[in-house]
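Q: Add 17 to a position in the sequence shown, counting from 1, and you land on the number used in the numbering used here. Quick reminder that beta carbons are idealized off the backbone N, C-alpha and C, glycines included. Small disclaimer: the values here were computed from a predicted structure and weren't measured. Have a look at this one before I ask anything.
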Amino acid sequence: MNFNIKHIFSVSIILFSVIDILGSIPIIIDLRKKSGDIHAGHATLVSGGIMIGFLYVGKSILSLFGVDVNSFAIAGALIIFLIGLEMTLGRNIFKSEDSGSKVHSIVPLAFPIIAGAGTMTTILSLKSQFDEENILIGILLNLGFIYLVLRSSEWIERKLGQAGANVLRKVFGVILLAISIKIIKTSLGL
């Protein structure tokens, strides 16, 4: 086992930026208002299952389609770059699909808000730079934080305010832009 605190911290911060649970607070609040309740434990478990499953079988799924991890990492970095642009500029690049389902803890909360394409792409991209055990611990740390945010979304809404949420979103957007450029450089061997 190659546990490395620095790598765990790096993975955790990267996933934290991509998942952007704090930036999703307005969406979480809106879902809570529509459905009356958010099932924090259920949403956390489902999104965790998706992320951990993709950590271990994502590469196999890619090989079925003849795609190598570096190519997927570059494609994922481009998605991360666009997400960062979206967060920084306040423009919607990705269309959000609204499901008419009453199960707001699963769709769209667990998937695709928490464990969406950006998160899965990032997990595979991280595999090209970090050991799986460090990525797994980073995922688990993020799941703990996600659970806390979901459980306390009402309190966070009162304390943060709209301006605070906007500032956090823009800061993490710039961080994502820098991370995406680093992933591209690493994948290209620059």
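Rounded to whole angstroms, what is the Cα-Cα separation between N151 and L32?
A: Cα to Cα, the separation comes out at about 12 Å.
Q: What does the Cβ neighbour count give for K144, buried or exposed, with the cut at 16 atoms within 10 Å?
A: Result: buried.
Q: Helix or strand or just coil, what does DSSP make of V124?
A: Residue state, collapsed to three classes: helix.
Q: Keeping to the same chain, check which residues put their C-beta closer than 8 Å to that of R108; ignore five residues upstream and five downstream.
A: So the list reads L102, once near-sequence residues are dropped.
Q: With H24 as the anchor, note down where its alpha helix (DSSP H) starts and where it stops.
A: Note, H24: alpha helix (DSSP H), I22 to I36.
Q: Considering only their Cβ atoms, is the gap separating P43 from A195 smaller than 8 Å?
A: Result no, Cβ atoms of A195 and P43 do not sit closer than 8 Å.
Q: Can you check which of these residues, D148, I97, S170 and F147, is closest to V191 by C-alpha distance?
A: Considering only alpha carbons, the answer is I97.
Q: So is V74 buried or exposed if we call it buried at 16+ other beta carbons inside 10 Å?
A: By the neighbour-count rule (16 or more Cβ atoms within 10 Å), V74 is not buried but exposed.
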